[in-house]
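K.L.:
Input: one structure, supplied below.
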Amino acid sequence: MEHVYNGKENTKYLKLLKQNYSSSQAVIREIVNLTAITNLPKGTEFFLSDIHGEYEAFLHIMNNCSGVIKEKVDLIFKDTLSEFDRQELCTLIYYPREKMTLLGETNRIDGNWYAMTLNHLIMVAKLLSSKYTRSKVRKALPEDYAYIIDELLHAQEDEDANQIRYHKQILQTIIELEDADEFIIALSQLIKRLAVDHLHIVGDIFDRGGSADKILDLLYDYHSLDIEWGNHDILWMGAACGNDACICSVIRNNLKYDNVEILENAYGISLRQLILFGMKTYGIEDGIKAALAAVTVILFKLEGRLIKAHPEYEMSDRLLLGQMDDTKNKVMIEGEWVTMNTNVFPTVDLADPYELTEGEWVTMNTNVFPTVDLADPYELTEEETEILRKLHRNFVSSQRLQKHIRFLYEKGSMYNVYNGNLIYHGCVPVDKNGAFDKLCIDGKYYHGKALLDKCEEKARAAYLDNPDKDDIDFMWFLWGGEKSPLCGRKLKTFEREYVDKESLWTEESNPYYSKYYDESFCCQILHEFGLYDDDSHIINGHTPVHAIEGENPVRAKGRLFVIDGGFCRSMNKATGIAGYTLIFNSHGLRLKAHTPFTSVEDALMNNTDIESSSEIIEKDLQRMFVKDTDIGKHLLEEISDLRKLLENYRRL
8 MEHVYNGKEN
18 TKYLKLLKQN
28 YSSSQAVIRE
38 IVNLTAITNL
48 PKGTEFFLSD
58 IHGEYEAFLH
68 IMNNCSGVIK
78 EKVDLIFKDT
88 LSEFDRQELC
98 TLIYYPREKM
108 TLLGETNRID
118 GNWYAMTLNH
128 LIMVAKLLSS
138 KYTRSKVRKA
148 LPEDYAYIID
158 ELLHAQEDED
168 ANQIRYHKQI
178 LQTIIELEDA
188 DEFIIALSQL
198 IKRLAVDHLH
208 IVGDIFDRGG
218 SADKILDLLY
228 DYHSLDIEWG
238 NHDILWMGAA
248 CGNDACICSV
258 IRNNLKYDNV
268 EILENAYGIS
278 LRQLILFGMK
288 TYGIEDGIKA
298 ALAAVTVILF
308 KLEGRLIKAH
318 PEYEMSDRLL
328 LGQMDDTKNK
338 VMIEGEWVTM
348 NTNVFPTVDL
358 ADPYELTEGE
368 WVTMNTNVFP
378 TVDLADPYEL
388 TEEETEILRK
398 LHRNFVSSQR
408 LQKHIRFLYE
418 KGSMYNVYNG
428 NLIYHGCVPV
438 DKNGAFDKLC
448 IDGKYYHGKA
458 LLDKCEEKAR
468 AAYLDNPDKD
478 DIDFMWFLWG
488 GEKSPLCGRK
498 LKTFEREYVD
508 KESLWTEESN
518 PYYSKYYDES
528 FCCQILHEFG
538 LYDDDSHIIN
548 GHTPVHAIEG
558 ENPVRAKGRL
568 FVIDGGFCRS
578 MNKATGIAGY
588 TLIFNSHGLR
598 LKAHTPFTSV
608 EDALMNNTDI
618 ESSSEIIEKD
628 LQRMFVKDTD
638 IGKHLLEEIS
648 DLRKLLENYR
658 RL
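Counted the way the numbering used here counts, the sequence shown spans residues 8 to 659.
Written out as structure tokens, the structure is:
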């Protein structure tokens, strides 16, 4: 929509424009430049979700750009290179330094290999750079080789083949000066940079896998990205803000998945005191299991305090630590006394107490709740308080953790509206009828878009200097609240930990997850966020797609995509695949299903790749251009303003 300026406002605005464009010719040049940009093909967007600390699989999917690199290599060389040679070239692009080291050890690199490989890489880079302006490509070039690569990418055939000889000599000189290895690395980086114009991380970088810190280091310098916070991300953000319940949940998760290294080695958070306390107090010899038992009880105490302090969270049914009987062997759940697996003698049959059961020689847990005082079950002991105080200090003072959390705040949000798509990790909470559910925050009720906006406001406030305690408390609710847009289910951690009755483990999900198969329901959500175009979609993460059971990631007739990346190895067997990614380029939307990643070593030795089957979900009848994107709309407004300025110059 064009800006309208009248009178004094118009005069003032034109004066400001003139400060940047001192003549009519300067204005004309910029109009020509911007108009040309708006008519280039739309850049490729890449959507990833639920990485869960699996660094190697994430690194590979970033290196192969969800199969885009292989597609381009096949497109160019299908008729000239064998399948083995094409895959060899792909692996070189993914891991250039490592692959060349391996090839060098087997004496497969010589002058001819360098000359052939450099030419192949330049051809791939040329194809990928064709949708960008020369200016944008120059900005993406590795600094040390910017001039040389720019020359090679823009070679033009001439009648006497002068340019061909010129560029051949450039490559030959690089090889003679023994700089070809570094040049190949630079070209490989450029190819991967050009393959994806913008990256969307749709939540859950942390937990399960143990290398979220390496993933964040990789993302830190990425050229263009946004992050939609997941519940596991907000948990770590809450811990970094100083929420003690979040701190204990982070520790518990990483003890459970045997990922102590990320706490102690990556972020400098010592668990020694917690381990020693657990071994002494709970009578468990294994340090990790002892720490897990201890931190779990501390967590339930802290969660109980938060729930009691915030009735607006509507989570009073989770106050189970205070629902135990005097023996601490039974707990009242949903009005029924349930026996817990905490009995001191679970295998003793009083009719024959000296009879051994099959496989009985195991260590029994005889001290499940030694620190719980039933008169005040949510009160911490002095020793628990001291341990928590030190853990709190470690989390809020860890420089590397704080650097990563600042990055999540800078690049992240609860949701994003980008090029006509609505992107979020979890859900927009609704009631059983599909109407937006209300949540009371700071004495006022919020629902729909306003709820997500308010949640983001409080999450950001929690990270400010001298934050309000209520905002810090709210970070735990965002992680585990049933009405939280990032969680959207009733967590049954207590039951899963202490109750054998599996029917009580079921974590009921928000009705959103049963209704988002309906097109009209998804349209209701899109309209709530200001998206009325028939081509708009919801991009959703959070829930694994069980392809092995026939589940489809496409919902509501193509209005919603669930793209849980499936990086978590523990989920691969249950889902049957390694998840999905989504690509949105100038031709439309493509969903990619992936096989599990083996290892970087296997990729280097055998050229194995993450096999990606591609399904075209929506192919545009007309190719999308920059002018059809959000950035393009801003450019068109700027062109309109510049035309007004040009008219002003011509009236002078």
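The beta-carbon is built from N, C-alpha and C at its ideal position, and this holds for glycine as well.
Among 638, 631, 188 and 640, whose alpha-carbon lies nearest the alpha-carbon of residue 49?
P.N.:
Among 638, 631, 188 and 640, the Cα nearest to that of residue 49 belongs to 631.
K.L.:
In this structure, does DSSP put residue 548 in helix, strand or coil?
P.N.:
Of the three classes helix, strand and coil, the one that applies to residue 548 here is coil, per DSSP.
K.L.:
Rounding to the nearest angstrom, what Cα-Cα distance links residue 518 and residue 441 in this structure?
P.N.:
For residue 518 and residue 441, the distance between alpha carbons rounds to 7 angstroms.
K.L.:
Using C-beta distances below 8 angstroms, list every residue in its chain close to residue 259, excluding the 5 sequence neighbours before and after it, in chain order.
P.N.:
If we look at residue 259 and ignore the five residues flanking it on each side, its Cβ neighbours are 299, 302, 303 and 306.
K.L.:
Write down every uninterrupted run of the alpha helix (DSSP H) in the segment 183-246 whose length is 4 residues or greater and which is fully enclosed by it, in chain order.
P.N.:
List check, alpha helix (DSSP H) in window: 187-202 and 219-227.
K.L.:
Determine, using beta carbons only, whether residue 427 and residue 541 come nearer to each other than 7 angstroms.
P.N.:
No. Outside cutoff.
K.L.:
Tell me whether the segment 119-138 and the segment 182-202 touch, counting them as touching only if at least three CB pairs, one residue from each stretch, are closer than 8 angstroms.
P.N.:
Output reads yes: the segment 182-202 touches the segment 119-138.
K.L.:
Among residues of its own chain, excluding the 5 on either side of residue 192, which ones have a beta-carbon nearer than 7 angstroms to its beta-carbon?
P.N.:
Hits under 7 angstroms: 103 and 104.
K.L.:
Please classify residue 89: does DSSP put it in a helix, a strand, or coil?
P.N.:
Coil.
K.L.:
Leaving out the 5 sequence neighbours to the left and right, which residues in its chain are closer than 6 angstroms to residue 658 when beta-carbon positions are compared?
P.N.:
Contacts found: none.
K.L.:
With the cut-off set at 7 angstroms, would you say residue 470 and residue 523 are in Cβ contact?
P.N.:
No, the pair does not count as a contact, with Cβ atoms beyond the cut-off.
K.L.:
Which residues does DSSP pair with residue 664 in a beta bridge?
P.N.:
Look at the range of the chain in this structure, 8 to 659, and you will see that residue 664 is not part of it.
K.L.:
Return the bridge partner residues of residue 344 from the DSSP annotation.
P.N.:
DSSP output for residue 344 lists 339 as bridge partner(s).
K.L.:
As an exercise, report each continuous alpha helix (DSSP H) stretch of at least 4 residues that is fully enclosed by the segment 26-85, in chain order.
P.N.:
Runs of the alpha helix (DSSP H) inside the segment 26-85: 31-45, 62-70 and 75-84.
K.L.:
Hey, quick one: how far does the beta strand (DSSP E) through residue 668 stretch, first residue to last?
P.N.:
The requested residue 668 does not occur in the structure, where the chain is confined to residues 8 to 659.
K.L.:
Taking the CB atoms as reference points, tell me whether residue 51 and residue 634 lie closer together than 7 angstroms.
P.N.:
Result no, Cβ atoms of residue 51 and residue 634 do not sit closer than 7 angstroms.
K.L.:
Look at the Cβ atom of residue 349, then the Cβ atom of residue 337, and state whether they are nearer than 7 angstroms.
P.N.:
Against a cut-off of 7 angstroms, the Cβ pair of residue 337 and residue 349 comes out as no contact.
K.L.:
How would you call residue 486, buried or exposed, if buried means at least 16 neighbouring beta carbons within 10 angstroms?
P.N.:
With 16 or more other Cβ atoms within 10 Å, it is buried.
K.L.:
Does the structure place the segment 250-266 close enough to the segment 379-389 that three or more beta carbon pairs sit under 8 angstroms?
P.N.:
Because the criterion of three Cβ pairs below 8 angstroms is not met, the segment 379-389 and the segment 250-266 do not touch.
K.L.:
Measuring alpha carbon to alpha carbon, tell me which residue in 429, 521, 501 and 468 is nearest residue 538.
P.N.:
Of the candidates 429, 521, 501 and 468, the one whose C-alpha sits nearest the C-alpha of residue 538 is 429.
K.L.:
Since residue 463 and residue 420 are thought to touch, with beta carbons under 8 angstroms apart, how far apart are those beta carbons, to the nearest angstrom?
P.N.:
Between residue 420 and residue 463 the Cβ distance is about 6 angstroms, and since that is below 8 angstroms, they are a contact.
K.L.:
Apart from the five residues on each side of it in sequence, which residues of its chain come closer than 6 angstroms, Cβ to Cβ, to residue 24?
P.N.:
Cβ within range, chain order: 652.
K.L.:
Nearest by alpha-carbon distance to residue 395: which of 97, 250 and 565 is it?
P.N.:
Among 97, 250 and 565, the Cα nearest to that of residue 395 is on 250.
K.L.:
When DSSP labels each residue in this structure, what does residue 289 get in the three-state scheme?
P.N.:
Helix, per DSSP.
K.L.:
Suppose the cutoff is 6 angstroms on Cβ atoms and the five residues either side in sequence are ignored; what does the same chain contact list for residue 99 look like?
P.N.:
The answer, listed in chain order, is 106.
K.L.:
From the DSSP output, in three-state form, read off residue 469 for me.
P.N.:
Coil, per DSSP.
K.L.:
With DSSP as the reference, label residue 302 as helix, strand or coil.
P.N.:
It is helical.
K.L.:
Please go through the same chain and pick out, in chain order, the residues whose beta-carbon is closer than 7 angstroms to the beta-carbon of residue 660, but skip the five residues on each side of it.
P.N.:
Look at the range of the chain in this structure, 8 to 659, and you will see that residue 660 is not part of it.
K.L.:
Once DSSP output is grouped into helix, strand and coil, what is the label at residue 593?
P.N.:
In this structure, residue 593 counts as coil in the three-state DSSP scheme.
K.L.:
Per DSSP, what kind of secondary structure is residue 610 in: helix, strand or coil?
P.N.:
Helix.
K.L.:
Does DSSP put residue 654 in a helix, in a strand, or in coil?
P.N.:
If DSSP states are grouped into helix, strand and coil, residue 654 belongs with the helices.
K.L.:
How about residue 118 and residue 182: do their beta carbons lie closer than 7 angstroms?
P.N.:
Yes.
K.L.:
Which partner residues does residue 453 have in the DSSP bridge list?
P.N.:
Per DSSP, 446.
K.L.:
In the DSSP output, which residue or residues are listed as bridge partners for residue 331?
P.N.:
Answer is 338.
K.L.:
With 16 as the cutoff for other CB atoms within 10 Å, does residue 335 come out buried or exposed?
P.N.:
With 16 or more other Cβ atoms within 10 Å, it is buried.
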